[in-house]
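With the working numbering applied, the sequence shown covers 7 to 457. Heads up, the beta-carbon is just placed ideally off N, CA and C, and yes, glycines get one too. Because the structure is a prediction, the values reported are computed rather than measured.
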Amino acid sequence: MFSNNYYDITEWNVGNPYEDVGEVINSIIADIKSRQTDSDINEGGKPGAVIYIPPGDYHLVTQVVIDISYLKIVGSGHGFTSSSIRFNTPKSELADWHEVWPGGSRILVDISPEADDEEYVGAAFYVKRNGGPRISSVEFSDFCIDGLHFLDDGSGETDPENTYTNGKTGIYIASAQDSFRITGMGIVYLEHGITSYNADAMAIHDNFIAECGNCIELRGSGQASKITDNLIGAGYKGYSIYAENFGGLLITANNIFPRGTSSVHFAGVVRSTITSNRFHSFYPGMLVFQDNCSENLVSSNHFLRDHEPWAPMLAYDNGLDDLYGLLYISGNNNSIIANHISETIDTQYIKPSGATPVIIHVVSGKGNYIANNHIVATTEASEAQAAPNSACFSTQVEALLSINKLEALDVTTVLIEREAVQNTILDSGSDVQVVIDKTVNAFRATPTLGA
């Protein structure tokens, strides 16, 4: 049955979606608004619409502006493939590749923001509406947003495609909103993948968001939202997941790759949950709590920190040394329970040289409960670096699976600074592995053989 609230961008009568899909979608939104003018007809009146993006490549020159509720923009495939691997592969090899660019229902972001533009200007999809009620139930599903290229950032890096800088954002939500859904998306090579202000009941689920400067940023404030079942990996300059002034955020069942500055960074986040995730990083600062994060639960996660094995990215890191900690905690009454934390790194890569790496670093706060964490720290003899043209996949998998030559590495499993008091540390390191003032904190050591 035909519905006038279903639109196919390739069948719309305004614009050419292959040349500027932004113009086409804006025209469709204008049509929806012109037809759905009454806010209350028989307890309805504004059902919204679906905009369908068939598989294909669609350039976006004009920013899409969304100011209506109940709009779903949907494609037929997230189309993700690694642009970083492509740009770091010799051109002579690309001629034999089956495909080179991302595919599926693909939006190619051709917006070119200037350096002094406001941050929303570079967004492919810009969501904003004033007045009441808050804009609600906007959905993005099953298509690819591709930023195409990174640019020279003036740092003198040899390859601009590795800067993670281009001023582009995939989805930028500026207004307070309710019950947004972002599912099944492929988001790649954007400086900011998803940026949302003042989110309530947002679901970011089952997406592939990687090779972006920052992947997910929940800014302003928010509550009762979830980031679940995603594959995520930011660049060395930015966050894989960032949230500020949030309550009731659920981060579960995500697989977060290297190279983000942090896997999860909380600023002023309270009463939120990080459980059953797999975190992998090449740098310290995997999990960061700042600005009085309180009453958060971090449980049943697997943290792995090792060294960057892929030759094209060896020159980059997040600037933190190994005394910072893999988990950096500033706040009160947080629970860090039953996590498995692995650090495997050759001693030549420890910074500063000769330092004892810190795993869990409680910088300030009281009432934090750190218990039953299994911390495995190992090193192995140095081996030759991978050849410059070694495949990223095989190089990283080989590094992950290398366990035969491992030896124990001395680490500080938990470091409690003087500013942190009334904390409880149980079974998360032996007496020699935990640095703590036992007169103002409670401590029980992990038993050791012969003790």
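Is it true that the stretch 299–314 meets the stretch 144–157, where meeting means three or more beta-carbon pairs spaced less than 8 Å apart? no
When you compare only the Cα positions, how much space is there between G456 and F252? 46 Å
Please state whether DSSP places G62 in a helix, a strand or coil. strand
Taking the runs of the beta strand (DSSP E) that are 3 residues or longer, which of them lie wholly in the stretch 142–219? 145–147, 150–152, 175–179, 187–189, 192–194, 198–206, 209–211, 214–218
What residue does the alpha helix (DSSP H) around L255 start on, and which one ends it? L255 -> not in any alpha helix (DSSP H); beta strand (DSSP E) instead, spanning 252–258.
Option nearest Y58 by Cα separation, candidates E17, L329, H367: E17
Nearest to L326 by CA position, among R265, L303, N340, is which residue? R265
Give the list of continuous beta strand (DSSP E) stretches no shorter than 3 residues that lie fully inside the stretch 76–122. 77–81, 111–115
Counting C-beta neighbours from all protein chains within 10 Å, is the total for S90 16 or more, i.e. buried, or is it exposed? buried
Compute the Euclidean distance between the alpha carbons of I335 and V368, then round it to the nearest angstrom. 5 Å
I need the DSSP call for D443, collapsed to helix, strand or coil. coil
Inter-residue spacing [alpha-carbon to alpha-carbon] between D443 and A361: 21 Å
What is the DSSP secondary structure of I431, reduced to helix, strand or coil? strand
Would you tell me roughly how many angstroms separate the C-alpha atoms of N220 and N302, rounded to the nearest one? 23 Å
Taking the CB atoms as reference points, tell me whether G54 and I35 lie closer together than 8 Å. no
So, at 7 Å on beta carbons, what are the nonlocal neighbours of G128 in its own chain, with the 5 sequence-adjacent residues on each side left out? I117, P119, G173, K174, T175
With DSSP collapsed to three states, give me the class of N519. Because the chain is modelled from 7 through 457, residue 519 falls outside the range shown and cannot be assessed.
Exposure of H271, with buried meaning 16 or more beta-carbon neighbours within 10 Å: buried
Alpha-carbon to alpha-carbon, N19 and C218: 34 Å
Counting along the chain, where does the alpha helix (DSSP H) carrying A36 start and finish? 23–41
Measuring only between beta-carbons, confirm whether N307 sits less than 8 Å from chain E. The chain inventory of the structure shown lacks chain E, comprising one protein chain alone.
Under 8 Å between C-beta atoms of A230 and A216: no
In whole angstroms, what separates the C-alpha of N10 from that of D37? 10 Å
Just the C-alpha distance for V440 and S246, rounded to the nearest angstrom, thanks. 29 Å
Less than 8 Å between the C-beta atoms of A240 and V275, yes or no? no
Is there contact here, the stretch 180–190 with the stretch 138–154, by at least three beta-carbon pairs under 8 Å? yes
Using the DSSP secondary-structure output, state which residues sit across from A361 in a beta bridge. Paired residues: none, contrary to the question.
Using a threshold of 8 Å, state whether the C-beta atoms of S305 and A344 are closer than that. yes
Between K372, Y76, N429, which has its C-alpha nearest S45's C-alpha? Y76
For the beta strand (DSSP E) containing N273, name the first residue and the last one. Correcting the residue type first, residue 273 is Ala in the shown sequence and not Asn. Counting along the chain, the beta strand (DSSP E) containing A273 begins and ends at 268–273.
Tell me whether the beta-carbon of M292 lies closer than 8 Å to the beta-carbon of S269. yes
Which same chain residues, not among the five before or five after A392, have their C-beta less than 8 Å away from its C-beta? Low local confidence applies: a pLDDT of 48 at A392 is under 50, so the model's placement there is unreliable, with the coordinate-based value given in what follows. The residues are P315, W316, A317, T401.
Going by DSSP in three states, E355 sits in which element: helix, strand or coil? Correcting the residue type first, residue 355 is Tyr in the shown sequence and not Glu. Helix, per DSSP.
I believe I365 touches I347 by the beta-carbon criterion, under 8 Å. Please report the beta-carbon distance rounded to the nearest angstrom. 6 Å
Rounded to whole angstroms, what's the CA-CA distance from H286 to D212? Just pull it up for me. 18 Å
Which of the three DSSP states, helix, strand or coil, is assigned to G137? coil
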